[in-house]
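Working notes, beginning with the structure itself.
In our numbering, the protein residues as written are 1 to 87.
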């Protein structure tokens with residue numbers, strides 16, 4: 001399974017914050033053998049398009065240590081949950 005290497009959290013979208021939107025987004029990330037996201041899929045939506053978009057956009061910018069098979073980097077995938085709670 002790939003491991004997130006550079007993984008800054010998503011920014012809370014200002015419009016979602018003003019509305020008090022909250023929720024959990026679960027994103028499935030397919031990672032290629034070089035550690036870059038090759039596909040991002042929303043597995044669980046928050047009910048807010050802004051929060052869903054913030055989570056998927058953030059993961060697209062992440063870099064990963066790719067999965068390995070006998071020490072050789074291979075494509076893999078993982079699911080990443082994001083909890084958005086206004087503060």
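The beta carbon of each residue, even a glycine, is placed where N, CA and C say it ideally should be.
For residue 67, three-class secondary structure by DSSP:
For this step, residue 67 is matched to residue 67 along the chain shown. Note: residue 67 maps to strand in three-state DSSP.
Based on DSSP bridge pairs, tell me the residues matched to residue 41.
Numbered from its first residue, the chain shown carries residue 41 at position 41. Note: residue 41 sits in a beta bridge opposite 28.
In chain order, what residues of the same chain have a beta carbon less than 6 Å from the beta carbon of residue 50, not counting five sequence neighbours either side?
Here residue 50 refers to the residue found at position 50 of the chain shown. The answer, listed in chain order, is 13, 15 and 16.
Do the stretch 47 to 61 and the stretch 70 to 77 meet, that is, are 3 or more Cβ pairs less than 8 Å apart?
no
Proximal residues to residue 65 (C-beta, below 7 Å), its chain only, five neighbours per side dropped
Locating residue 65 in the chain shown gives position 65, counting from the first residue. Correct list, in chain order: 2, 3, 5 and 35.
On the DSSP bridge assignment, give the partners of residue 78 in chain order.
Position 78 of the chain shown holds residue 78. Looking at the DSSP assignment, residue 78 forms a beta bridge with 29.
Mapping DSSP to helix, strand and coil, what is residue 21?
Taking the first residue of the chain shown as position 1, residue 21 is located at position 21. Looking at residue 21 - three-state DSSP - the assignment turns out to be coil, as it is neither helix nor strand.
Boundaries of the beta strand (DSSP E) in which residue 1 is found, first to last residue:
Your numbering for residue 1 matches position 1 in the chain shown. Per DSSP, residue 1 belongs to no beta strand (DSSP E) and is neither H nor E.
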